[in-house]
Structures are given as C-alpha cells and as structure tokens.
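Q: For the sequence shown, the working numbering assigns the number 16 to the initial residue and increments by one for each residue that follows. The C-beta atom is built at its ideal place from N, Cα and C for all residues, glycine as well. After the structure tokens below, expect a handful of questions from me.
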Amino acid sequence: MSVLQLHSIDGFLHFDEAECRAAGKALAASYQTASPFPHVVIDDLLDADVLRDVAAHYPATDDKTFFDRDQERFKFQFHPEEVPSGQTRNLLAELNGRAFLGFLEEMTGITGLVSDPYYAGGGLHLTRRGGHLSVHADFNVHGEMKMERRLNLLVYLNEDWPDAYGGKLELWDREMKGCEKSVAPLLGRAVVFNTSLDSFHGHPDPLSCPPERDRRSIATYYYTALGDGQTAIPIRTTTFQTRPGSADKTDWGVKSGHFIADWVPRRLQRYAKRINPFG
16 MSVLQLHSID GFLHFDEAEC RAAGKALAAS YQTASPFPHV VIDDLLDADV
66 LRDVAAHYPA TDDKTFFDRD QERFKFQFHP EEVPSGQTRN LLAELNGRAF
116 LGFLEEMTGI TGLVSDPYYA GGGLHLTRRG GHLSVHADFN VHGEMKMERR
166 LNLLVYLNED WPDAYGGKLE LWDREMKGCE KSVAPLLGRA VVFNTSLDSF
216 HGHPDPLSCP PERDRRSIAT YYYTALGDGQ TAIPIRTTTF QTRPGSADKT
266 DWGVKSGHFI ADWVPRRLQR YAKRINPFG
C-alpha cells in the first residue's frame, strides 16, 4: 500500500487532505532533523500502477530541445501541457493541490506553501544514456510569481533499474566536501528536500543504462511569499558546483553573472553584462 492514497471520483484521482496531513505529521521528525539538509526519502509514496502509467505516456522527444552542456547533458523537460495523458495531468494537478500542500506543510514545518501553476523547471523529466546533472543549488526566486522557492519533490518512475545503470541522486554537504546520501531512482521512490542556496544535489555521473532505457521522474516545486520585513533576497539561477577531485567544469557564466548582480552598481550592470566574457 502506498503512503498516500489516490481516491477516485468518476475516474478523477484526488488526495484526502486529512490523510495527507496525518502522513506528513508522521514523517516530520525524521524530515526536519535529516542531514546534510532537511529531506526525506519515501518508498511507495504513490500507487505504483499510476506511476507506471505516467512512465508509459511520456511525450515523444522528436525535435524536442534538451540540455546539452558540461553541467547538464541529454536532459529533457516536459510541461504538463505537452503530456498526452489525462491521468498524468490529473496527478500533476493533485501534487499542486491543497491536500498535498498539507502533507508537505506538516512534514517540513513550512507553512503558507504555494504550488507553481507555471511548472517552472518542473513537470516530467527524462535523461538519456550518457546524460547527467551536475551537483547544484536550484534557482531560488520564481520569475513570474516573485516568490521564494522552498521545497523540491522528485518522484522516480524507473522500474527494473540496477545500480549499474547509475543515475543516483546525491545530496552533498554545504561545504562540498562529500556526498552524504545517495538515492537510487527506483519506481515509486520519492525525495522531498528543502531548497536553499547551499542545498547541493544532482546526479553528476553519466548514465550507463542501455540505449533503449532512460531515467524518468516527476518534479514539482513549492514556494512561499517573502517574510515580514523581507523586501529582497539575493536572486540566484541554478548554481553548479564542482566535486573535489573530479573533472567537473566550473560554470563561469553563472558565477560572473552573480558577481555583477551583487557587486556592480545597478546603473552599470547592463554595460558589465555586455562586456562579460563568460556571459
């Protein structure tokens, strides 16, 4: 039995808020005290058959653009509007709904959570053989909503996935000295974690799955309004890190952009960006 039950009304799937809040409360202590930052790994969060259906109804990748650079390679993202499955769209909407927000609030202790109707960076993810996502901290302010990003949810969709295929999610300490937790992306396994400027995570080694396989997951993100008296926070895009002793490439474009935003007077920033050799 899954941790959260999806009930059906005339074929429409939905969570029950009381059940969600009770499940979140039961996980609160382990979530809030986890290292290297608050997080939880949950097996069988959702019904496995529903997730199998999601995995089986991905959009086609023909002519679809994907990330292909040193820091993230062979990674596709699909907005719900691209997905040819009513059940998948139903599930994504429920993961953005009030009942599931209650689960997250009880578990994390973060109140006033807001889901993202734009699915900025979220939806369905797919990474091909040889692809990877370097260790990073995520962007921290939603461009349209102007709200602070607080939580990530990842739900994996990969059945019969041996360790040899790779693709484990790594959670690194705040000093980038070592990986503290490694999570295999197995069907039904979910990870929720706090997002901050130093919640470093990724699956940095290239996938070694067979050519006909790929790494699939659901990704949804959650936000809060700025706190009382908090008028501004440093705005960061995805900030990639290099692992000690690795061949990881530094993303100088992002680093130089952050330097300009933080240290160059606003009236000169447009000029500085124009002459930035890494921009």
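List the whole-angstrom C-beta distance separating aspartate 153 from threonine 253, where the pair is believed to meet the contact cut-off of C-beta under 8 Å.
A: Yes, aspartate 153 and threonine 253 are in contact; Cβ-Cβ is about 6 Å, under 8 Å.
Q: If you follow the alpha helix (DSSP H) that glycine 101 is in, where does it begin and where does it stop?
A: Note, glycine 101: alpha helix (DSSP H), 101-110.
Q: Can you tell me which residues form a DSSP beta bridge with arginine 88?
A: Asp83 and His147, per the DSSP bridge assignment.
Q: Can you find the residues in the same chain that come closer than 8 Å, C-beta to C-beta, to threonine 103, ignoring five residues on each side of it along the sequence?
A: Only Asp68, Val69, His72, Pro95 and Leu139 meet the Cβ criterion.
Q: Go through its chain and collect everything with a Cβ distance to leucine 42's Cβ below 6 Å, but skip five positions before and after it.
A: Taken in chain order, the residues that qualify are Val55 and Met122.
Q: Would you identify the three-state DSSP class for threonine 239, choosing helix, strand or coil?
A: In this structure, threonine 239 counts as strand in the three-state DSSP scheme.
Q: Does DSSP put leucine 128 in a helix, a strand or coil?
A: Looking at leucine 128 - three-state DSSP - the assignment turns out to be coil, as it is neither helix nor strand.
Q: Here's the rule: buried if 16 or more other CB atoms are within 10 angstroms of the residue's CB, otherwise exposed. What is aspartate 78?
A: Burial call: exposed.
Q: Near valine 18, which residues of its chain fall below 7 Å by C-beta distance, leaving aside the five closest residues on each side in sequence?
A: For valine 18, where only same-chain residues beyond five positions count, the Cβ hits under 7 Å are Ala38, Ile57, Asp59 and Leu60.
Q: Need the endpoints of the alpha helix (DSSP H) that cysteine 224 sits in, please.
A: No alpha helix (DSSP H) holds cysteine 224; DSSP gives it neither H nor E.
Q: Which one or two residues does DSSP pair with serine 23 in a beta bridge?
A: Answer by DSSP bridge pairing, in chain order: Leu28.
Q: Using DSSP with H/G/I as helix, E/B as strand and the rest coil, what is glycine 39?
A: In the structure shown, glycine 39 sits in a helix (DSSP, three-state: H, G or I).
Q: Skipping 5 residues on each side, what residues in its chain have a beta carbon closer than 8 Å to that of leucine 202?
A: Result list for leucine 202: Ala63, Leu66, Arg67, Ala70, Tyr171, Leu172, Asn173, Glu174 and Trp176, in chain order.
Q: Give, in chain order, every unbroken run of the beta strand (DSSP E) that is at least 3 residues long and sits entirely within the segment 128-212.
A: The qualifying runs are 138-152, 163-171, 184-187, 194-198 and 205-209.
Q: Is the distance from the Cβ of leucine 141 to the Cβ of phenylalanine 91 below 8 Å?
A: Yes, the Cβ-Cβ distance between leucine 141 and phenylalanine 91 is below 8 Å.
Q: Any contact of the segment 108-122 with the segment 20-30, i.e. 3+ C-beta pairs under 8 Å?
A: Judged by Cβ distances under 8 Å, the segment 108-122 makes contact with the segment 20-30, as three or more pairs qualify.
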